[in-house]
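Trainee:
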Amino acid sequence: MRTFAGRFLLPLVLPVVLIALWWFASASSTSIYFPPLPEILETFLELWIFSLVPEHVAPSMAAIGLGLGISIVLGVSLGVALGLNGRVANAVGPALQFLRYLPAVALLPLAIQLVGLGLGMRVLVIVLGALWPILLNTIDGVRGVHPAVLDVARSNRVRPVDRIFRMVLPAAAPQIFAGIRASLAVSVILMVASEMLGSSAGMGFFILQAQRQFSLPEMWSGMLLLGIIGYLLNIILLVVEHYVLSWHRLSRA
């Protein structure tokens, strides 16, 4: 019973308290910018329960899925290659750090010029921002593998493919997942930014249009949906990580 309460009930206390405070604090609000929470929830149910999902939610989720998926493939592949080759990693390290701190949103006009408006542009912007946490965490994770382990594998004539998939990647997996969690948040942010500045559909586009038309309950309902989607995506990633890294927890125990 204590385990159930600590794992499932206790994390619900703060959200319930915050929602209750928001409900009562906004109940008598007459401000156009801060409508009452019941009005926002009513608008949320009218708009986002199957109504606008194909038009705005589906394109946003497609952009996040494609952008994050490409970032994972590129980040892990390049990270393993650079992590196993210290000289090359040191040579390209300054360039990687420079590109890492170059905001992906600043490259949005260039992406529009190169790809045009549409899903491809949004995916490109997400990849430009979400790639770096995965890449750099993978490099650090691969470098953290003890050299003696790789030397023993070579002396026993373990194939390079088996060394990577059976030794290097499992050892680096905790840091890789840490990078993926950071990239997930970056992907959601860049999805919204790219849709606000260069799209005709998506959740970011909907929120910006609602703000321009002074449809404030609709705007707040879109932001509320963004928070819910981000939270659910994080839970899905934590579940995947829980099962993939179950061996890691057992080894530490």
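To convert, take the position in the sequence shown, counting from 1, and add 7; that gives this note's numbering.
We treat Cβ as the ideally placed atom computed from N, Cα and C, and that holds for glycine.
Fair warning: this is a prediction, and the values are worked out from it, not measured in the lab.
Is residue 42 helix, strand or coil by DSSP?
Mentor: Locating residue 42 in the sequence shown gives position 35, counting from the first residue. Reduced to three states, the DSSP call for residue 42 is coil.
Trainee: Quick one: grab the DSSP three-state call for residue 220.
Mentor: By 1-based counting over the sequence shown, the position of residue 220 is 213. If DSSP states are grouped into helix, strand and coil, residue 220 belongs with coil.
Trainee: Answer yes if the segment 49-66 comes into contact with the segment 227-241, meaning at least three C-beta pairs across the two stretches below 8 Å, and no otherwise.
Mentor: Counting Cβ pairs under 8 Å, three or more are found: they touch.
Trainee: State the Cα-Cα distance for the pair residue 71 and residue 166, rounded to the nearest angstrom.
Mentor: On the sequence shown, position 64 is the one that residue 71 refers to. On the sequence shown, position 159 is the one that residue 166 refers to. Cα-Cα distance, rounded: 35 Å.
Trainee: Between 42, 138, 210, 123, which has its C-alpha nearest residue 68's C-alpha?
Mentor: For the purposes of this step, residue 68 is identified with residue 61 of the sequence shown, where counting begins at 1. The shortest C-alpha separation from residue 68 is found at 210.
Trainee: At the level of alpha carbons, what is the spacing between residue 138 and residue 21?
Mentor: Your numbering for residue 138 matches position 131 in the sequence shown. Your numbering for residue 21 matches position 14 in the sequence shown. Distance between the alpha carbons of residue 138 and residue 21: 33 Å.
Trainee: Suppose contacts are defined by Cβ-Cβ distances below 8 Å. Is residue 82 in contact with residue 145 by that definition?
Mentor: Counting from one through the sequence shown, the residue named residue 82 turns up at place 75. Counting from one through the sequence shown, the residue named residue 145 turns up at place 138. In this structure, residue 145 lies closer than 8 Å to residue 82 by Cβ.
Trainee: Return the first residue and the last residue of the alpha helix (DSSP H) that residue 194 is part of.
Mentor: As a first step, residue 194 must be located in the sequence shown, where it is residue number 187. Looking at the DSSP string, the run of the alpha helix (DSSP H) that includes residue 194 is 176-205.
Trainee: Does DSSP put residue 124 in a helix, a strand or coil?
Mentor: One-based indexing of the sequence shown puts residue 124 at position 117. Residue state, collapsed to three classes: coil.
Trainee: Do the CB positions of residue 149 and residue 86 come within less than 8 Å of each other?
Mentor: One-based indexing of the sequence shown puts residue 149 at position 142. One-based indexing of the sequence shown puts residue 86 at position 79. In contact: residue 149 and residue 86 (Cβ atoms closer than 8 Å).
Trainee: Between which two residues does the alpha helix (DSSP H) carrying residue 71 extend?
Mentor: Taking the first residue of the sequence shown as position 1, residue 71 is located at position 64. Its alpha helix (DSSP H) spans residues 65-91.
Trainee: Counting beta carbon pairs with one atom in the segment 168-175 and one in the segment 149-160, are three or more of them shorter than 8 Å?
Mentor: yes
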